[in-house]
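In mature numbering (1 follows the signal peptide of the UniProt record, and there is no 0), the protein residues as written are -22 to -1, 1 to 348. The beta carbon of each residue, even a glycine, is placed where N, CA and C say it ideally should be. Data block below; observations after.
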């Protein structure tokens, strides 16, 4: 027996095995149980971010449109739709074997101003607003019929205390606007999945109200497939036990649970900050931006452990969770660099500013490889 040749062959096998392991991504491990993906900004879905695409192809099997499918982008003027960026998002997903998620059809925060004004310049009537909702949803959902995996139909309609948000949709139409939106989306594409999506879902008031909403829709025979738990988390919030209670409660309502908009803020919060309402804005102060040159080792470990604690929770409930979506690919382009305080340096995602995987990615892959 040629000992040298045997040793060499063995080394080749070991090196090849290590290389194969290194190339395995989250979509091959986490993806055994649920969809795993990220939001894409327009530059990424237009194909101008090669580093992001490399991560997408290795780790993700789904993607959600960050902004290009919101109503202010799709219909900036009444009756004048602009699908150019949204079309490119869907095409990008198809090219890269991603199940596209449409976000979102009805949301108070990024609706065009004209949506709530009548032709006389005054507040739109109830009937007119209902017609506008129906027209918008029918036009958008029909265009992508058979190409979109699921839609966030209504976004952020419930307050943390469980009351309905007093948005223009609610004030003019009443809570029935939610029924109308889900019904219209289903009629436009009977096979597409339909979701309700909201933040601060660990709060008992919002948890209970969301469950009531799901039960209400089901009792009326209106399709709803899942609840999206926006998970804009921090190092010390939300309480993970309360978060788990909400996950279990939504699953008990007979819908799928999705972890949406997942990220982890590591920076100190201004006083009075809470939730994820985009209208929150605070003046820049140096004390709110302490890590401009990178995270200290102890803080990086704390972040890694916090992220992994949530993924261990997701693994335990893998029979209930059908999708995990990060809100962004790289720290460099996370919205948390500019919200709720502009000009900060944040570290909330699984890939750093150089698009390199953080240690927790390997931990997640190993966890789901069990």
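Exercise. Taking the runs of the alpha helix (DSSP H) that are 4 residues or longer, which of them lie wholly in the segment 177 to 204?
Worked result: 182 to 197
For this session: Tell me whether residue 13 sits in a helix, a strand or coil according to DSSP, three-state version.
Result: Here residue 13 refers to the residue found at position 35 when the chain shown is read from its first residue. Residue 13 falls in the strand class under three-state DSSP.
Problem set entry | Residue range of the unbroken beta strand (DSSP E) whose run includes residue 81 | Taking the first residue of the chain shown as position 1, residue 81 is located at position 103. Residues 77 to 85.
Exercise. Can you name the residues that DSSP bridges to residue 95?
Worked result: In the chain shown, the residue the question calls residue 95 occupies position 117. Beta-bridge pairing links residue 95 to 101.
Exercise. Contact check, residue 132 vs residue 108 under 8 Å by CB: the rounded distance?
Worked result: For the purposes of this step, residue 132 is taken as the residue at position 154 of the chain shown. For the purposes of this step, residue 108 is taken as the residue at position 130 of the chain shown. That pair is no contact at about 14 Å.
For this session: Per DSSP, which residues does residue 308 bridge with? Please list them.
Result: Within the chain shown, numbered from 1, the residue matching residue 308 stands at position 330. Answer by DSSP bridge pairing, in chain order: 329.
Exercise. In or out: residue 54 buried (at least 16 other Cβ within 10 Å) or exposed?
Worked result: Numbered from its first residue, the chain shown carries residue 54 at position 76. Looking at its Cβ environment, which holds fewer than 16 other Cβ atoms inside 10 Å, residue 54 is exposed.
Exercise. Over what stretch of residues does the beta strand (DSSP E) that includes residue 237 continue unbroken?
Worked result: Mapped onto the chain shown, residue 237 falls at position 259. Counting along the chain, the beta strand (DSSP E) containing residue 237 begins and ends at 234 to 243.
For this session: Could you pull the start and end residues of the alpha helix (DSSP H) that residue 159 belongs to?
Result: Taking the chain shown and counting its residues from 1, the one referred to as residue 159 is at position 181. Looking at the DSSP string, the run of the alpha helix (DSSP H) that includes residue 159 is 154 to 166.
Exercise. Candidates 292, 67, 58: which alpha carbon is nearest residue 20's?
Worked result: Start at 1 with the first residue of the chain shown, and residue 20 comes out as number 42. Checking every option, the nearest Cα to that of residue 20 belongs to 67.
For this session: Please classify residue 313: does DSSP put it in a helix, a strand, or coil?
Result: By one-based count along the chain shown, residue 313 stands at place 335. Under the three-state reduction of DSSP, residue 313 is assigned to helix.
Exercise. Who are the Cβ neighbours of residue 341 in its own chain at under 6 Å, not counting the five residues just before and after it?
Worked result: For this step, residue 341 is matched to residue 363 along the chain shown. So the list reads 286, once near-sequence residues are dropped.
Exercise. When the Cα atoms are used, what is the spatial distance from residue -14 to residue 120?
Worked result: Along the chain shown, one-based indexing puts residue -14 at 9. Along the chain shown, one-based indexing puts residue 120 at 142. Caution is warranted here: a pLDDT of 38 is assigned to residue -14, below 50, making its placement in the model unreliable, and no coordinate value can be reported.
Exercise. Counting pairs of beta carbons, one from the segment 92 to 105 and one from the segment 172 to 190, are three or more of them closer than 8 Å?
Worked result: no
Exercise. Quick one: Cα of residue 89 to Cα of residue 78, how far?
Worked result: Locating residue 89 in the chain shown gives position 111, where the first residue counts as 1. Locating residue 78 in the chain shown gives position 100, where the first residue counts as 1. Taking the straight line joining both Cα atoms gives about 21 Å.
For this session: Give the straight-line distance between the Cα atoms of residue 151 and residue 33, rounded to the nearest whole angstrom.
Result: For the purposes of this step, residue 151 is identified with residue 173 of the chain shown, where counting begins at 1. For the purposes of this step, residue 33 is identified with residue 55 of the chain shown, where counting begins at 1. Residue 151 and residue 33: Cα-Cα distance of roughly 43 Å.
Exercise. In terms of residue numbering, what span does the alpha helix (DSSP H) encompassing residue 323 cover?
Worked result: Here residue 323 refers to the residue found at position 345 when the chain shown is read from its first residue. Counting along the chain, residue 323 falls outside any alpha helix (DSSP H), and DSSP gives it neither H nor E.
Exercise. Below 9 Å between beta carbons: does that hold for residue 15 and residue 36?
Worked result: Position 37 of the chain shown, counted from the start, is the residue given in the question as residue 15. Position 58 of the chain shown, counted from the start, is the residue given in the question as residue 36. No, they are not a contact pair.
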